[in-house]
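Trainee:
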Amino acid sequence: MKAVICTRYGGPEVLSIQDVKLPVIKENQLLIKVMASSATTAESMMRQGTPKFARLFLGLRKPKAAITGTGFAGIVEAVGSKVKAFSIGDHVFGETALGAGTNAEYTVINDDGLVMIKPASIDFEEAATLCDGTLTAMNFLMAQVKLSQGQSVLINGASGSIGSAAIQISKLNKLHVTAICSSKNWELVKSLGADEVIAYDQIDFTKTSETYDAIFDTVGKSSFQKCKKLLATDGTYLSPVLSLSLLVQSVITPLVGRKAAKFCATGLLPAATLKPLLFKTMKWCESGLFKTVIEKTYPIKQISKAHRHIDTGHKVGNVVLSHADFN
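The letter at position 166 of the sequence shown is residue 166 when you use my numbering, and the numbering goes up by one with no holes.
#1: Using 8 Å for Cβ pairs, my map puts V319 next to A39. What's the rounded Cβ distance?
#2: In this structure, does DSSP put C264 in helix, strand or coil?
#3: Please classify P240: is it buried, with 16 or more other beta-carbons within 10 angstroms of its beta-carbon, or exposed?
#4: Check this for me: beta carbons of A166 and F86, under 8 Å apart or not?
#5: I'd like to know if the stretch 47 to 60 and the stretch 137 to 153 are in contact, where contact means that at least 3 CB-CB pairs between them fall below 8 Å.
#6: Can you give the Cα-Cα distance for G71 and L238, rounded to whole angstroms?
#7: Distance, Cα to Cα, M1 vs D90?
#8: Rounded C-beta distance between T414 and Y212? I'm assuming under 8 Å.
#9: Among G74, D325, D132, which residue has its Cα nearest to the Cα of G317?
#10: Taking Cβ positions, are E125 and G80 nearer each other than 8 Å?
#11: When we look at the beta-carbon of T266 and count the other beta-carbons within 10 Å, is it buried (16 or more) or exposed?
#12: In this structure, what does DSSP give as the bridge partners for C181?
#13: Going by Cα to Cα distance, which pick from S223, Q151, E286, K171 is closest to F205?
#14: For the beta strand (DSSP E) that L355 lies in, which residues bound it at each end?
#15: Can you tell me the Cα-Cα spacing of F93 and S209, whole angstroms?
#16: I need the DSSP call for S81, collapsed to helix, strand or coil.
#17: Could you tell me how far apart the beta carbons of S159 and L188 are, in whole angstroms, since I believe they sit closer than 8 Å?
#18: Taking Cβ to Cβ, would you say L242 is nearer than 8 Å to F263?
#19: Buried or exposed: where does K64 fall if 16 or more other Cβ atoms within 10 Å of its Cβ makes it buried?
#20: Using three-state DSSP, classify N139 as helix, strand or coil.
#21: Under three-state DSSP, which class holds Q151?
#22: Counting only runs of 3+ residues fully inside the stretch 59 to 124, write out the beta strand (DSSP E) ranges in chain order.
#23: Label I162 either buried or exposed according to how many other C-beta atoms from any shown protein chain fall within 10 Å of its C-beta, with 16 as the threshold for buried.
#24: Have a look at the DSSP bridge pairing and note the partners of H176.
#25: Kindly identify the DSSP beta-bridge partner or partners of V189.
#26: Assuming A42 contacts A128 under a Cβ cut-off of 8 Å, what Cβ separation, rounded to an integer in Å, is found between them?
#27: Compute the beta-carbon to beta-carbon distance between T136 and N103, rounded to the nearest angstrom, for a pair I have assumed lies under 8 Å.
Structure follows, in structure tokens:
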């Protein structure tokens, strides 16, 4: 089969399409023909091997997992002998753990992994994005912090994959949302439900006087120290972007005060923890309460171009890879 391979750390040019062996499934696994996969900021960081201390987990000199990609949507091609919940021909979506790449013609996942039947009302491209930004936002806003109706959240990076989902999730939970984005994305962010919008190219939100019950820094461009004075008495600074300072603060702040910093690698949480969150998201999508923002869809053979766009830091919503030219 054909797959996108990354054999060393670097820019988008290190990605290449190569022929590799078709994976052989075990008795509890599914072989999935991938129809669409996601291209994400997290995958760009893994391609670059940043932050560098993350290479302790990703691979010291080169990525341990040569095939890139984690989010997918596709069709079940084969099932192991002990698989009961899925059948050949099922349309499914989900996310693989590190090691089983999805930027390929086929991928493999355990039947008890993060994989679900795709509703007919959600197309492959949309479904492929749900386990990245949307699931991360769900985890942070509905599991990592407990906010009640009427409380306030500030979302930094509000027009990105996580941010565009976070606005909608916050409003569905009846929170007051202040969104930070560029001037050009003001209308999009407002259309998603933000109560207040601050354009970062006009105002530095960390120098304003408002306070918030939570600050969700989806892009890791600020810090707990800069945002601390904006947090309410029991407020929490949240970010999915790992840094050494955030790692230290996540350990120390719960012990020394009422304001806390939190980091979580959503994709590394057990499938059993994430499935209820993903199921709720899927139901919101089916009912029209949640809208997936997709900025661009690239043919899989243009994955380097997709990564170059992501690396500009100005991605709006999600970037999807269509696998039609693999078929």
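Yeah, the Cβ is synthetic: ideal placement off N, Cα and C, and Gly gets one too.
Since the structure is predicted, the reported quantities are computational estimates derived from the model, not experimental observations.
Mentor: Considering the structure as presented:
#1: What you label residue 319 is simply residue 319 of the sequence shown in a count that begins at 1. What you label residue 39 is simply residue 39 of the sequence shown in a count that begins at 1. With a contact defined as Cβ atoms closer than 8 Å, V319 and A39 qualify at about 4 Å.
#2: Within the sequence shown, the letter at position 264 stands for residue 264. Residue state for C264 is assigned as coil, using DSSP reduced to three classes.
#3: As a position in the sequence shown, residue 240 is number 240, starting the count at 1. P240 should be labelled buried.
#4: One-based indexing of the sequence shown puts residue 166 at position 166. One-based indexing of the sequence shown puts residue 86 at position 86. No, Cβ-Cβ distance for A166 and F86 is not below 8 Å.
#5: At 8 Å Cβ cutoff, the stretches do not touch.
#6: For this step, residue 71 is matched to residue 71 along the sequence shown. For this step, residue 238 is matched to residue 238 along the sequence shown. Distance from the CA of G71 to the CA of L238, rounded to the nearest whole angstrom, comes to 23 Å.
#7: Along the sequence shown, read from residue 1 onward, the residue named residue 1 stands at position 1. Along the sequence shown, read from residue 1 onward, the residue named residue 90 stands at position 90. The straight-line gap from Cα to Cα measures roughly 21 Å.
#8: Nothing in the structure corresponds to residue 414, since the chain is present only between 1 and 327.
#9: Here residue 317 refers to the residue found at position 317 when the sequence shown is read from its first residue. Cα-wise, what sits closest to G317 is D132.
#10: Counting from 1 along the sequence shown, the entry for residue 125 is found at position 125. Counting from 1 along the sequence shown, the entry for residue 80 is found at position 80. No; because the gap between Cβ atoms is not below 8 Å, this pair is not in contact.
#11: Working through the sequence shown from its first residue, we reach residue 266 at position 266. Answer is buried; the Cβ neighbour count reaches 16.
#12: Here the question's residue 181 lines up with position 181 in the sequence shown. A199.
#13: Start at 1 with the first residue of the sequence shown, and residue 205 comes out as number 205. Checked all of S223, Q151, E286, K171; the closest Cα to F205 is S223.
#14: Because the chain spans 1 through 327 in this model, residue 355 falls outside it and cannot be assessed.
#15: Numbered from its first residue, the sequence shown carries residue 93 at position 93. Numbered from its first residue, the sequence shown carries residue 209 at position 209. Going by the C-alpha atoms only, they are around 43 Å apart.
#16: Position 81 of the sequence shown, counting from 1, holds the residue named residue 81. Note: S81 maps to coil in three-state DSSP.
#17: Taking the sequence shown and counting its residues from 1, the one referred to as residue 159 is at position 159. Taking the sequence shown and counting its residues from 1, the one referred to as residue 188 is at position 188. The pair is a contact, with the Cβ atoms about 6 Å apart (cut-off 8 Å).
#18: Counting from one through the sequence shown, the residue named residue 242 turns up at place 242. Counting from one through the sequence shown, the residue named residue 263 turns up at place 263. Cβ distance < 8 Å, so L242 and F263 count as in contact.
#19: Taking the sequence shown and counting its residues from 1, one reaches residue 64 at position 64. Its Cβ having fewer than 16 others within 10 Å, K64 is exposed.
#20: Taking the first residue of the sequence shown as position 1, residue 139 is located at position 139. Collapsing the DSSP output to three states places N139 in a helix.
#21: Taking the sequence shown and counting its residues from 1, one reaches residue 151 at position 151. Coil at Q151, not helix or strand.
#22: 71 to 79, 91 to 95, 106 to 110, 114 to 117
#23: In the sequence shown, counting from the first residue as 1, residue 162 sits at position 162. I162 is buried by the Cβ-count criterion.
#24: In the sequence shown, counting from the first residue as 1, residue 176 sits at position 176. DSSP lists S152 as partners of H176.
#25: Counting from 1 along the sequence shown, the entry for residue 189 is found at position 189. The partner list for V189 (beta bridge, DSSP) is empty, contrary to what the question assumes.
#26: Stepping through the sequence shown from its first residue, residue 42 is reached at position 42. Stepping through the sequence shown from its first residue, residue 128 is reached at position 128. Not confirmed; about 14 Å, so no contact.
#27: Counted from its first residue, the sequence shown places residue 136 at position 136. Counted from its first residue, the sequence shown places residue 103 at position 103. With 8 Å as the limit, T136 and N103 do not qualify as a contact, their Cβ atoms being about 19 Å apart.
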